[in-house]
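Participant: So for the sequence shown, my numbering puts the first residue at 11; every next one is plus one.
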Amino acid sequence: MISTQDRSRCSRILHPYTFSMKKALSSLEYFGIINIGRNFKPSKGENQSMDAFWIKAFLFLAIYGLLIFLFNAGMRKVLNVKRKKVFSYHHLSEKHKKIDWTIRIIAAIFIIVGGFYNTFTLGPERKVWYLESYVLLFAFVSVSESVRAAFEKRLSDNPNDYKFTLSQLAFLTVTLLLFYTTEFFGIFT
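The following block contains the structure:
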């Protein structure tokens with residue numbers, strides 16, 4: 011039975027303004043619910059390597075984002091294409107909207123079902139590569155952008171809109187395949 015003094019001590023430790031996982035786990039260890047032991051605190055080298063990973067990941071994403079921005083700006087200038095809103099769907103017709111949403115729903119279903127199948131049915135050792143979420147997401151983006159390019163070729167006022175979309179898709183494909191085959195140029199190893 012936990013005394014009121016222990017409860018008040020536990021509530022002070024778990025107060026929402028001072029909550030941290032370390033305090034919560036140490037309080038559970040104090041009451042004998044779990045045994046953390048020495049393995050709870052990461053060594054100084056582990057903290058440094060994790061910090062280095064996040065710095066590398068942030069820098070990599072920032073440089074890749076800048077590279078995409080510069081490529082798009084250059085291609086827009088070469089092809090004389092207007093810039094579209096960043097997070098808008100930009101459907102060209104009602105038919106394009108229906109097809110695009112159908113692709114999105116099918117992709118979401120495939121990603122969820124593929125993830126469950128790979129994780130729970132096959133296990134981590136025997137995963138099927140074409141049901142991995144990153145492969146399905148890449149396929150979804152490729153199909154969606156190809157459909158957009160086809161509709162832009164048929165319906166757009168500017169004849170270069172579809173060329174810009176295809177150039178974006180080609181750039182994305184080449185860079186992602188390059189990152190995948192070189193394991194991100196060995197940055198994270």
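We put the CB at the ideal spot given by N, CA and C, even for glycine. Note that this is a predicted model, so its numbers are computed, not measured.
Taking 9 angstroms as the cut-off, decide whether the C-beta atoms of residue 147 and residue 159 are in contact.
Facilitator: No, these two residues do not count as a Cβ contact at 9 angstroms.
Participant: Where does residue 82 fall in DSSP's three states?
Facilitator: Helix, per DSSP.
Participant: By Cβ distance below 8 angstroms, which residues in the same chain neighbour residue 189 in space, the five residues on each side in sequence not counted?
Facilitator: 195, listed in sequence order.
Participant: DSSP state of residue 91, grouped into three classes?
Facilitator: Three-state result, residue 91: coil.
Participant: Terminal residues of the continuous alpha helix (DSSP H) containing residue 144?
Facilitator: From DSSP, the alpha helix (DSSP H) with residue 144 extends over 143 to 165.
Participant: Looking only at C-alpha atoms, which of 71, 117, 142, 61 sits nearest to residue 185?
Facilitator: Nearest C-alpha to residue 185: 71.
Participant: Going by C-alpha to C-alpha distance, which of 68, 82, 110, 92 sits closest to residue 99?
Facilitator: Closest by alpha carbon: 110.
Participant: Return yes when the Cβ of residue 165 is within less than 9 angstroms of the Cβ of residue 103, no when it is not.
Facilitator: Their beta carbons are under 9 angstroms apart, which means residue 103 touches residue 165 by this criterion.
Participant: When burial is assigned at 16 or more other CB atoms within 10 Å of the CB, is residue 64 buried or exposed?
Facilitator: Counting Cβ neighbours within 10 Å, residue 64 comes out exposed, since fewer than 16 surround it.
Participant: Count the other C-beta atoms from every protein chain shown that fall within 10 angstroms of the C-beta of residue 132, then say buried if there are 16 or more, exposed otherwise.
Facilitator: It counts as exposed.
Participant: What number of angstroms, rounded off, separates the C-alpha of residue 171 from the C-alpha of residue 135?
Facilitator: Straight-line Cα distance between these residues: approximately 44 angstroms.
Participant: Taking all protein chains shown into account, decide if residue 168 is buried (16 or more other Cβ within 10 angstroms of its Cβ) or exposed.
Facilitator: Flag for residue 168 reads exposed.
Participant: Just mark residue 174 as buried or exposed, buried being the case when its beta carbon has 16 or more other beta carbons within 10 Å.
Facilitator: Buried, since its Cβ has 16 or more Cβ neighbours within 10 Å.
Participant: My understanding is that residue 145 touches residue 113, with C-beta atoms under 8 angstroms, so please give their C-beta distance in whole angstroms.
Facilitator: About 16 angstroms; that fails the 8 angstroms criterion.
Participant: Expressed to the nearest angstrom, what Euclidean distance is found between the alpha-carbon atoms of residue 77 and residue 83?
Facilitator: Cα to Cα, the separation comes out at about 10 angstroms.
Participant: Between 128, 116, 137, which lies nearest to residue 149 when the distance is taken from Cα to Cα?
Facilitator: Closest option to residue 149, Cα to Cα, is 116.
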